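Everything on this sheet refers to the single structure shown next.
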Amino acid sequence: MGEYKVGLFGCFSDIKLCILTFLCPCVTIGKVANKLDEKDDYILTCLTSLLFPYVATLRWRVRQKQGIEGSMLMDYVTSSFCPCCALIQDAHEMEIQSPTNIKDLDRA
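Number 141 in this note's numbering belongs to position 95 of the sequence shown; there are no gaps in the numbering.
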């Protein structure tokens with residue numbers, strides 16, 4: 047099993063992705079979900095208060111797909127205390143690039 051390419055607090059390494067995720071986490075959630083071929087779940091999540099559990103579940107799925115060590119418990123702990131950092135770390139892992147302009151937001 048491997049490790050994440052970027053540390054949990056390496057979220058500032060891509061400042062555009064960092065700002066986007068902190069201001070509008072649903073965009074980053076959608077991009078990560080799209081890379082995992084989960085295209086519909088994130089829309090409902092963004093419209094409800096289920097953001098934290100979904101980020102934890104998404105994190106678990108990223109770990110499974112990428113062969114990263116960890117546990118569901120740690121995914122929930124990380125997602126509850128540092129949800130945006132966890133989401134940015136997952137985005138880096140799925141090789142999602144920060145948008146250069148507003149037109150790039152729909153590209154994965």
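Ideal Cβ positions, reconstructed from N, Cα and C, are used throughout, including at glycine.
Predicted model, so just to flag it, every value in this text is computed and none were measured.
Check: Distance between beta carbons of glutamate 139 and valine 108, contact taken as under 8 angstroms; Outcome: 6 angstroms
Check: Spatial neighbours of glycine 48 in its chain, beta-carbon cut-off 8 angstroms, leaving aside the 5 residues before and after; Outcome: Gln112, Gly113, Ile114, Glu115
Check: Which of helix, strand or coil DSSP assigns to glycine 56; Outcome: helix
Check: Pair within 7 angstroms by beta-carbon distance, alanine 137 and valine 78; Outcome: yes
Check: Cβ pair phenylalanine 98, serine 117 closer than 7 angstroms; Outcome: no
Check: Reduced DSSP category for glycine 113 - H, G, I as helix; E, B as strand; rest coil; Outcome: coil
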